[in-house]
Amino acid sequence: MKVIQKSEVEETKKGQIEAPFIPEVKVVDLPSRFLPYPKNCSISYKPYVYGELEEFNESKFSVPEEVNFQLRGITTSFPIMDLAYFDYLAILLLRKISTFGGNQFSFSYKCPGCEKSGKHYSTLMDVVFEDLNVPNLPLIVTIGGQEMHFSPLTIGRYIEFVERKSDKPQGIQLLASEVINLKYEEAEKIIYNASGQDKGVSDHDVLDYLDEILFFGVKPIKFLCKNVIGKDEKEKKDILCNYENSVRISPEVLTSPFCDDRESLRSRIRFGL
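Going by my numbering, the first residue of the sequence shown is number 905, and it counts up by one from there.
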């Protein structure tokens, strides 16, 4: 998938140079399946320009500042703070691919099969987000006698979560942030004190299930371990572990607007006339 398009600098009649036109790319597929948004809404993004990359590289952004910086390249037909958090991450990955192509990244792992550490190389094109697997939103449940409406975490509520000063566990804070029909403080209190059951199902199990289905992050990357575990003397070749590993990569790391593929960079440069 490559969506880079060339932008042209147009000269005005007065001889002045206008800012380059950067084409917007319409988003047609998202992990949320557009369920949290108004019908017939539109979402688009722009590839990074060089100035943005330099600005990001030299910045010391707080989390809210970084989010607002990234949102500058995303356009929505609804309030942008209502964008689901995992959709936001998926769009950032699309922006990175649009800018750099399917560049390579690597990560370290410890294989359960051979119990050795290894390094696996993959590309951004291998990164796939899980879909939100529900027929409709919000998800309505009764906890402690109170009806609660749950919807995926939005980018606005994520910023509030980061800035909030709460002594409750993060898992409870995130669940309470996904309640849209109650004030946060009330939702947090109900979830923290949940202890009942209905129709033989405990509140604890219901909340665990909600936490599970409202998470639609990056699917684990599966690969065969290439660690050498021995030598085939007859065939004169290494014996590889070949255990199938499954590693979940942090999307926040993958979506940072950087490119480390030095060979690809060199292929764009000519040396001498």
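Note that beta-carbon positions come from the ideal geometry of N, C-alpha and C, so glycine has one too. This structure is a prediction, so every number in the text was calculated from the model and none was measured.
Buried or exposed (CB count within 10 angstroms, at least 16 for buried), residue i
| i | result |
| --- | --- |
| TYR954 | exposed |
| ASP1107 | buried |
| PRO951 | buried |
| PHE990 | buried |
| ASN1040 | exposed |
| SER966 | exposed |
| THR1159 | buried |
| SER981 | exposed |
Within 8 Å, strictly: CB atoms of residue i and residue j
| i | j | result |
| --- | --- | --- |
| LEU998 | PRO1161 | no |
| ILE1117 | VAL1032 | no |
| PRO1155 | VAL1105 | no |
| ASN1085 | MET1052 | yes |
| VAL971 | ILE1059 | yes |
| ALA1080 | ILE1063 | no |
As assigned by DSSP and simplified to three states, the class of residue i
| i | result |
| --- | --- |
| GLY1176 | The predicted position of GLY1176 is uncertain, since its pLDDT is 44 and thus under 50; no value can be drawn from it. |
| PHE1119 | coil |
| ALA988 | strand |
| THR1159 | coil |
| LYS917 | Because LYS917 sits at a pLDDT of 42, beneath the cut-off of 50, its placement in the model cannot be relied upon, and the following sentence gives the value as read from the coordinates. Coil, per DSSP. |
| ILE926 | coil |
| SER1150 | strand |
| LYS1141 | strand |
Residues bridged to residue i [DSSP beta-bridge criterion]
| i | result |
| --- | --- |
| GLY1022 | TYR1013 |
| TYR949 | VAL929 and ILE978 |
| GLN1008 | THR1027 |
| ASP1112 | None; ASP1112 has no bridge partner. |
Own chain partners of residue i with C-beta closer than 7 Å, once the 5 adjacent residues on each side are dropped
| i | result |
| --- | --- |
| GLU1200 | Since the first and last residues shown for the chain are 905 and 1177, residue 1200 lies out of range. |
Cβ-based neighbour list, residue i, same chain, cut-off 6 Å, excluding 5 preceding and 5 following
| i | result |
| --- | --- |
| LEU1114 | PHE1054 |
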